[in-house]
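Peer 1:
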Amino acid sequence: HNIISVLARNDGGGAALSFRISDGKTVLIESTEAAKITDQKPAAGWEVAGYDDSKWEIATVLKKMGAAPWGDVFGGGKSAAKKAVAKKDGKRTPVTTVSEPDTLILQPGFKADLVYTVPRDLQGSWISLAVSPEGDLVAGDQGGVLWHVSLKDPAKPVVTKIDTKFIGCHGLLFAHGALYGCTSEKGKGDIWRIRDTKGDGSYAEQTMLRSLKGAGEHGPHQLVLDRDGSILVFGGNHTKLPDDEVAGAAAKHYDEDDLLKKFEDPNGHAVGIKAVGGWIARMDKDGKDWIRVTTCFRNPYDGAVAPDGDIFSYDSDMEWDMGSPWYRPTRINLCTPGGELGWRSGSGNNPIAELDMQPSLVDIGPGSPTGCTMGTGAKFPAAYQHAFFACDWTYATLYAIHLVPEGGAWKARKEVFAAGKPFSVTDAVIRPQDGHMYVTIGGRGGQAALYRIRYEGKESTATVAWFDATPEQKLRRELEALRNVAPSAASLEKAWPLMGHADRWVRFAARIAVEHQPVDSWRSRVKADANPDLALNAAVALARCGTKDDLNAILAAVECTAKAKDLRLQQDRLRVLQVAFSRHGQPDAATAVKLGKEFASRLPSGDNSLDRQLALVSIFLGEPTAPARVLYAMKIAQAGPAVIADPEIIARSPGYSTAVRASMAVTPASTRIGLAVYLA
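Every number in this note's numbering is 33 more than the matching position in the sequence shown, counting from 1.
Following this line, the structure appears as structure tokens:
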């Protein structure tokens with residue numbers, strides 16, 4: 034006699050329960066009216082056969098499994114009819130072919146070799162790749178185990194199976210004499226360490242170091258070795274940070290900061306998921322001592338560490354937001370300690386980085402970010418040794434992101450390095466033994482293959498040094514280092530004036546360093562200043578770290594920018610007030626009336642993003658004229674901006690680009706949409 038018992042908790046709103054158990058075979062069991070439920074705490078023994086459930090209620094059957102509106106909850110929510118259409122149209126049919134290397138689009142001087150075509154029925158669909166110290170490769174099958182690729186004869190790779198206790202590795206890393214793997218399939222988000230203790234390739238020693246709460250395409254992903262020997266873990270926005278992690282720098286001061294109810298995805302994606310969203314954290318070689326590094330991504334699949342220690346990543350977009358004012362394209366980010374990259378669910382997003390968030394280095398456009406790597410160690414021309422490489426699975430493109438130091442960060446330029454049709458690129462690594470790049474394609478059950486990209490042009494491939502740091506980069510890193518030492522008066526004195534620095538990356542690092550100090554040591558210093566950036570950053574720091582009793586000091590500090598002509602300063606002032614009011618409530622009645630009238634009277638301002646902020650704060654403050662002013666701003670608002678995507682790139686995936694092409698065919702009324710949400 035078997036019994037299935039489930040304990041489920043709902044965090045609010047309508048919900049249903051579904052689950053599956055994997056034991057090597059598939060048996061479908063649907064619940065019926067025979068199921069019993071209770072919302073009371075059951076007595077001991079409720080989960081075993083023979084328990085008296087006579088006082089429990091009979092479950093209500095609403096629909097058969099797979100019926101609308103839920104669809105197949107284990108198959109992405111698609112109904113049977115929609116899945117049949119999708120398969121017929123080719124939109125979701127796995128890729129079954131491999132592009133010949135001479136058909137790939139490559140930069141001049143580069144050549145590609147098709148090293149290995151993966152027998153899909155036997156070795157699966159490869160999505161992750163790592164280079165061993167000996168120069169061999171290990172690849173991960175999305176739905177299966179690991180595969181060892183011997184390249185002793187580069188023309189004749191030998192592929193053998195590695196039997197593991199786990200499957201579905203999104204991330205692989207050789208470090209500390211071991212192979213680390215991060216699984217994210219079949220509901221399991223675990224980090225493993227395996228060692229080949231016998232020297233026969235069997236990896237007999239296999240240890241699970243950490244189990245994470247989250248899995249799937251927005252679960253935990255790649256593992257990257259940092260310069261100090263720690264391991265960076267990349268987690269998507271459906272993955273919770275470990276309970277015992279330490280909030281590095283001042284990242285613990287995050288919040289939603291919504292003044293009004295946000296509009297979230299009607300299809301239900303990421304609804305209810307709060308900051309920090311996606312994240313990067315570091316752990317030691319034993320899976321312990323977790324420290325939060327950078328937060329508020331959407332879904333950072335992978336990243337890489339530059340020779341100077343800066344971390345880069347490629348974050349995803351929410352394609353169904355396209356055409357809305359809160360749509361953010363896939364983007365390349367500099368990921369600093371204590372960094373906050375601004376992702377929030379639904380309309381809580383703002384593609385324009387606020388003063389308490391960091392901007393992207395370069396926006397890519399629609400796509401599905403997968404593997405990343407630095408060009409360090411490649412036998413490529415200097416520009417590509419200095420590049421950060423980022424894979425886009427959907428649009429079959431491998432980008433080279435060319436970096437040049439600029440201020441406290443980097444100037445970045447994107448370039449299509451390799452592309453094809455099909456070329457569903459999943460990961461890329463540089464193999465030090467030959468200086469070539471190795472690239473896997475596959476994913477979602479599609480045909481997998483291993484390519485090699487090498488340079489045969491006339492430019493020098495001699496190793497080049499990394500860039501010298503700018504004065505602003507040095508200053509930023511000095512401020513970031515203050516997170517690693519105990520709070521002190523010296524640290525506060527160093528950081529405080531730099532919140533008014535001309536470079537936004539230095540200002541951000543300085544504010545994070547100030548937030549790392551006890552708030553009682555600096556709250557009295559928050560006041561209006563001749564340097565408006567210093568006043569604004571000090572005020573937002575107090576809004577984030579202080580209490581309701583600090584609200585008047587925050588308002589007084591930002592008053593020095595009330596008549597600013599500079600658009601950024603106007604926006605920064607409104608952002609400080611948004612954070613302060615969302616965390617500490619309305620100001621006194623007289624102040625609310627004064628500010629509400631000021632902001633409503635400026636609508637429309639002539640700038641779409643400023644109009645959204647003016648509308649948000651004035652409506653929150655209850656200004657009676659605000660709705661009419663917002664409606665007028667909506668009436669005269671120009672359509673746009675247009676959805677921009679490279680037609681040549683999106684043509685590589687005609688099925689997946691349906692929504693993109695539809696959005697590009699019209700100019701969306703983004704500003705009107707954004708303002709209407711505040712009136713809802």
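For glycine and all other residues, C-beta sits at the position ideal for the given N, C-alpha and C.
How would you write the range of the alpha helix (DSSP H) that Glu681 sits in, first residue to last?
Peer 2: If you number the sequence shown from 1, residue 681 lands on position 648. Glu681 -> alpha helix (DSSP H) spans Pro680 to Ile683.
Peer 1: Classify Ala713: buried if its beta carbon has 16 or more other beta carbons within 10 angstroms, exposed otherwise.
Peer 2: Locating residue 713 in the sequence shown gives position 680, counting from the first residue. By the neighbour-count definition (other C-beta atoms within 10 Å, threshold 16), Ala713 is an exposed residue.
Peer 1: In three-state terms, what does DSSP make of Ala522?
Peer 2: The count along the sequence shown starts at 1 and reaches residue 522 at position 489. Of the three classes helix, strand and coil, the one that applies to Ala522 here is helix, per DSSP.
Peer 1: For Glu745, list the residues DSSP reports as bridge partners.
Peer 2: Because residue 745 is not part of the residues shown, which for the chain are 34 to 713, the question remains open.
Peer 1: Quick check on the DSSP output: what are the complete alpha helix (DSSP H) runs of length 4 or more inside the stretch 531–563, in order along the chain?
Peer 2: Within the stretch 531–563, the complete alpha helix (DSSP H) runs of at least 4 residues are 537–548.
Peer 1: Using CA atoms only, rank isn't needed, just tell me which of Glu297, Ala386, Asp354 and Val437 is closest to Cys329.
Peer 2: In the sequence shown, the residue the question calls residue 329 occupies position 296. Out of Glu297, Ala386, Asp354 and Val437, Ala386 has the C-alpha closest to the C-alpha of Cys329.
Peer 1: Buried or exposed, going by whether 16 or more other CB atoms sit within 10 Å of the CB of Gly533?
Peer 2: Counted from its first residue, the sequence shown places residue 533 at position 500. Counting other Cβ atoms within 10 Å of its Cβ, Gly533 reaches 16 or more and is therefore classed as buried.
Peer 1: List the endpoints of the continuous beta strand (DSSP E) containing Cys405.
Peer 2: Here residue 405 is taken as the residue at index 372 of the sequence shown, counted from 1. Element bounds for Cys405: Pro402 to Met407.
Peer 1: Going by DSSP, what residue range makes up the beta strand (DSSP E) through His209?
Peer 2: Numbered from its first residue, the sequence shown carries residue 209 at position 176. Segment: none, His209 is in no beta strand (DSSP E) and carries neither H nor E.
Peer 1: Can you tell me whether Arg705 is helix, strand or coil according to DSSP?
Peer 2: Translated into the one-based positions of the sequence shown, residue 705 becomes position 672. Of the three classes helix, strand and coil, the one that applies to Arg705 here is helix, per DSSP.
Peer 1: Take the Cβ of Thr193 as the centre, count every other Cβ of all protein chains shown within 10 Å, and call the residue buried at 16 or more, exposed below.
Peer 2: Here residue 193 is taken as the residue at index 160 of the sequence shown, counted from 1. Label assigned to Thr193: exposed.
Peer 1: Just verifying my parser: in three-state terms, what is the DSSP assignment at Lys507?
Peer 2: For the purposes of this step, residue 507 is taken as the residue at position 474 of the sequence shown. Note: Lys507 maps to helix in three-state DSSP.
Peer 1: Tell me the rounded alpha-carbon separation between Ser346 and Ile36.
Peer 2: Position 313 of the sequence shown holds residue 346. Position 3 of the sequence shown holds residue 36. Approximately 46 Å, taken between the alpha carbons.
Peer 1: Quick check: the stretch 500–519 against the stretch 361–379, are there 3 or more CB pairs under 8 Å?
Peer 2: yes
Peer 1: For Met241, report the span of its beta strand (DSSP E) as first-last.
Peer 2: Position 208 of the sequence shown, counting from 1, holds the residue named residue 241. Here the beta strand (DSSP E) through Met241 covers Glu238 to Leu245.
Peer 1: Where do the N-terminal and C-terminal ends of the alpha helix (DSSP H) with Cys578 fall, by residue?
Peer 2: Here residue 578 refers to the residue found at position 545 when the sequence shown is read from its first residue. Here the alpha helix (DSSP H) through Cys578 covers Pro565 to Cys578.
Peer 1: May I ask you to list the residues that DSSP assigns as paired with Phe781?
Peer 2: Outside the shown range of the chain, which is 34 to 713, sits residue 781, and nothing can be said about it.
Peer 1: Can you name the start and end residues of the alpha helix (DSSP H) that Gln611 belongs to?
Peer 2: For the purposes of this step, residue 611 is identified with residue 578 of the sequence shown, where counting begins at 1. That run of the alpha helix (DSSP H) goes Leu600 to His617.
Peer 1: Note down, in chain order, each residue of its chain lying with its Cβ closer than 7 Å to the Cβ of Asp196, except the 5 sequence neighbours on either side.
Peer 2: Mapped onto the sequence shown, residue 196 falls at position 163. So the list reads Val178, once near-sequence residues are dropped.
Peer 1: Output the boundary residues of the beta strand (DSSP E) element that contains Ala30.
Peer 2: Residue 30 is absent from the model: the chain starts at 34 and stops at 713.
Peer 1: Taking only three categories from DSSP, how would you classify Ala282?
Peer 2: To locate residue 282, count along the sequence shown from 1; it is residue 249. In this predicted model, Ala282 has a pLDDT of only 48, less than 50, meaning its place in the structure is not dependable enough to derive any value.
Peer 1: Does the Cβ-Cβ distance between Ile365 and Ala445 come in under 8 Å?
Peer 2: The sequence position of residue 365 within the sequence shown is 332, counting from 1. The sequence position of residue 445 within the sequence shown is 412, counting from 1. For Ile365 and Ala445, yes; Cβs fall inside 8 Å.
Peer 1: In the DSSP assignment, find the beta strand (DSSP E) that holds Met316 and state where it starts and stops.
Peer 2: Stepping through the sequence shown from its first residue, residue 316 is reached at position 283. Unbroken beta strand (DSSP E) run through Met316: Gly311 to Met316.
Peer 1: Using a threshold of 8 Å, state whether the C-beta atoms of Gly618 and Glu656 are closer than that.
Peer 2: Here residue 618 refers to the residue found at position 585 of the sequence shown. Here residue 656 refers to the residue found at position 623 of the sequence shown. No, these two residues do not count as a Cβ contact at 8 Å.
Peer 1: What are the boundary residues of the beta strand (DSSP E) that Ile224 is part of?
Peer 2: For the purposes of this step, residue 224 is identified with residue 191 of the sequence shown, where counting begins at 1. Taken as a continuous stretch (DSSP letters only), the beta strand (DSSP E) holding Ile224 covers Gly222 to Arg228.
Peer 1: Return the chain-ordered list of same chain residues with a C-beta closer than 6 Å to the C-beta of Ala625, the five sequence neighbours on each side being excluded.
Peer 2: As a working note, residue 625 is residue 592 in the sequence shown. Cβ within range, chain order: Gln619 and Leu654.
Peer 1: Indicate the three-state DSSP secondary structure (helix, strand or coil) for Phe199 in the structure shown.
Peer 2: The sequence position of residue 199 within the sequence shown is 166, counting from 1. Phe199 falls in the coil class under three-state DSSP.
Peer 1: Which residues in the same chain as Trp353 place their Cβ atom closer than 8 Å to its Cβ, once the five residues preceding and following it in sequence are excluded?
Peer 2: The sequence position of residue 353 within the sequence shown is 320, counting from 1. Counting only Cβ-Cβ distances below 8 Å, and skipping sequence neighbours, we find Asp298, Asn300, His302 and Ala692.
Peer 1: What residue does the alpha helix (DSSP H) around Ala623 start on, and which one ends it?
Peer 2: One-based indexing of the sequence shown puts residue 623 at position 590. Unbroken alpha helix (DSSP H) run through Ala623: Ala622 to Ser634.
Peer 1: Excluding sequence positions up to five away, which residues of its chain have a Cβ less than 8 Å from the Cβ of Gly234?
Peer 2: For the purposes of this step, residue 234 is taken as the residue at position 201 of the sequence shown. So the qualifying residues of the chain are His181, Thr193 and Ile195.
Peer 1: Let me make sure I understand the geometry here. Which of Pro465, Trp376, Val472 and Leu388 has the alpha-carbon closest to that of Ala423?
Peer 2: Here residue 423 is taken as the residue at index 390 of the sequence shown, counted from 1. When each option's Cα is compared against that of Ala423, the closest is Val472.
Peer 1: State the start and end residues of the unbroken beta strand (DSSP E) segment that holds Leu147.
Peer 2: Reading the sequence shown from its first residue, position 114 is the one you call residue 147. Where Leu147 is concerned, the enclosing beta strand (DSSP E) stretches over Phe143 to Thr150.
Peer 1: Should Ala41 and Ala68 be called a contact, given that it needs their Cβ atoms to be closer than 8 Å?
Peer 2: Walking along the sequence shown from the start, residue 41 turns up at place 8. Walking along the sequence shown from the start, residue 68 turns up at place 35. In this structure, Ala68 does not lie closer than 8 Å to Ala41 by Cβ.
Peer 1: Using 8 Å as the threshold, is the stretch 692–704 in touch with the stretch 669–679, meaning 3 or more CB pairs across them?
Peer 2: As far as the Cβ criterion goes, the stretch 692–704 touches the stretch 669–679, which means the pair count is three or higher.
Peer 1: Which residue marks the beginning of the alpha helix (DSSP H) containing Val164, and which one marks its end?
Peer 2: Start at 1 with the first residue of the sequence shown, and residue 164 comes out as number 131. Not the alpha helix (DSSP H): Val164 falls in the beta strand (DSSP E), residues Trp159 to Val164.
Peer 1: Leaving out five residues on either side along the sequence, give the residues of the same chain with a beta carbon under 7 Å from the beta carbon of Ala211.
Peer 2: Taking the first residue of the sequence shown as position 1, residue 211 is located at position 178. Contacts found: Arg226, Ile227 and Arg228.
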